[in-house]
Structure formats: structure tokens, C-alpha cells
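Per the working numbering, the very first residue in the sequence shown carries number 2; after that it's consecutive. Glycine included, C-beta positions come from ideal geometry on N, C-alpha and C. Bear in mind the structure is a predicted one, so any value in this text is a computation, not a measurement. Have a look at the structure below, then the notes.
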Amino acid sequence: MANEALKQFLPYIHLEVFKIGEAIFVEGMPSNGVMYFIFQGTLTVSKKNPAGDDEVVRWLGPGEFFGELALIEPFPRAATLTVVSEEVKLGKIDKETFFAIGKKSPPFLSHILKSAIFRLVEVEARISEKKEQLANLKTEIVSVENASGSGSNMEEEEEAMEPLETEEPFEEPELSQEDKNTLQNKKEN
């Protein structure tokens, strides 16, 4: 869908080619204000884990895009994207081109928005999973401490682990049945 809308704007899209092992950008790097569309090749998306190592969180291929947040706000890049195929051909667009495409093709904007929401839902699911793992680990620690007689002040530990309050709670977006099926298929793979 997104690549179809891009075809009529090809004269305004800068094509870049990257070779295996090259990083398109690195987590924390300042934003360059552009997003990318993958025309050919495969990339990994990785984030630093608590130990400081890169951990692959997803793979991207032809027809997919990344870097869309750079068009909204110039936040530092949220992940590292690295070429894992022999080469990758990317279409690169800036904010002005993005909005020009959106005016001519509202379904393009809809596709980008749905994809961004889908990614947020995936992240929320991973956060919930990590919270559950943390709670299970905490229960195991308490059981071991109680069995060994070396209990600690759990109230203080629980206070330290309280989640941060935000001004606005996260509201999960309403997904279409198609998006729910896609999410379920990605989880199964």
C-alpha cells in the first residue's frame, strides 16, 4: 500500500543503497528528519538491553518502512537499523514530501498510522510480558528468602518498584479484525 502511493512521487524520493553490515542509523543518534521505505533487502531493528548489548527486536523487509517518528518530532533515533542482506535499497522522504503524498493519497497516511499503532501495541504487549516476568521473579526471590530465613523488608522493595505515574494513561487503540489477525500471526511466528 505505502509503496504503491510512493510510485507517483518517485522523482521526489531519494534512493540510497547500503551494504551488508552497514547501520542506517544508531539508537540515540540525532534524527535527520526523514523516514525510509524498503524497496529491496532486509534489515534488523535492535535496541540496547540492560547489559548494554544490542538485541534484535524485529526484522524488516521490502514494502516496510521505518523512521516515521522523525517526521513528527526530531527525537533521537529509538533503535539501530542494520543491513543483513547483501544490500538494501531504501527510499528516503522528508516531511514536506510525506505530507504531499498524504494529500494526494489519504490511504497512504492511513496505512502509515495503522502500522505505527500496530507497532505500539506490540511494544505494549512486550512491556506487559516483561512486567509479568519481573513479578514472577520477585515471587521466586521472596520464596527463596523465606525458605532460607533471610527475609528482607518487602514493603520498601515494593515501593521502589512502583511504576511511574504519567499524566495521561495509555489507551489501547481499537484494532480492526484484520489488524488483530495480523498481530496474532506475528506473535505465532
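Outcome for residue i when other beta-carbon atoms lying within 10 angstroms are tallied against a minimum of 16
i: arginine 193; result: Any answer about residue 193 is impossible in this case: the structure gives the chain only from 2 up to 190.
i: serine 129; result: exposed
i: alanine 80; result: buried
i: valine 145; result: exposed
i: leucine 72; result: buried
i: leucine 114; result: exposed
i: lysine 76; result: Looking at the sequence shown, residue 76 is not lysine but phenylalanine. Looking at its Cβ environment, which holds fewer than 16 other Cβ atoms inside 10 Å, phenylalanine 76 is exposed.
i: valine 46; result: buried
i: leucine 91; result: buried
i: isoleucine 142; result: exposed
i: valine 57; result: exposed
i: valine 18; result: exposed
Opposing strand residues paired with residue i [DSSP bridges]
i: valine 27; result: None, per the DSSP bridge assignment.
i: proline 61; result: Sequence check: residue 61 is leucine here, not proline. In the DSSP output, where bridge partners are listed per residue, leucine 61 has Leu44.
i: aspartate 55; result: Lys49
i: valine 85; result: According to DSSP, which records beta bridges pairwise, valine 85 is partnered with nothing at all.
i: glutamate 17; result: Leu91
Same chain, Cβ closer than 7 angstroms to residue i, five either side skipped, listed in chain order
i: glutamate 28; result: Lys48, Lys49, Arg78, Ala79, Ala80, Thr81
i: glycine 62; result: Ile39, Thr43
Cβ shell of residue i (< 6 angstroms), same chain only, five flanking positions each side left out
i: phenylalanine 99; result: Leu72
i: phenylalanine 1; result: Residue 1 lies beyond the range of the chain shown here (2 to 190); nothing can be said about it.
i: isoleucine 21; result: Val84, Glu87
Cutoff 8 angstroms; reference residue i; Cβ partners in own chain excluding five residues on either side
i: phenylalanine 66; result: Ala3, Met36, Tyr37, Phe38, Ile39, Ile113, Ser116
Closest by C-alpha distance to residue i, when choosing among the options
i: glycine 68; options: Ala52, Ile94, Glu141; result: Ile94
i: threonine 43; options: Ala52, Gly34, Arg59; result: Arg59
i: proline 31; options: Ala52, Leu61, Leu70, Pro12; result: Leu70
List in chain order: all unbroken alpha helix (DSSP H) runs of 4+ residues lying wholly within the stretch 103-154.
You should have 107-149.
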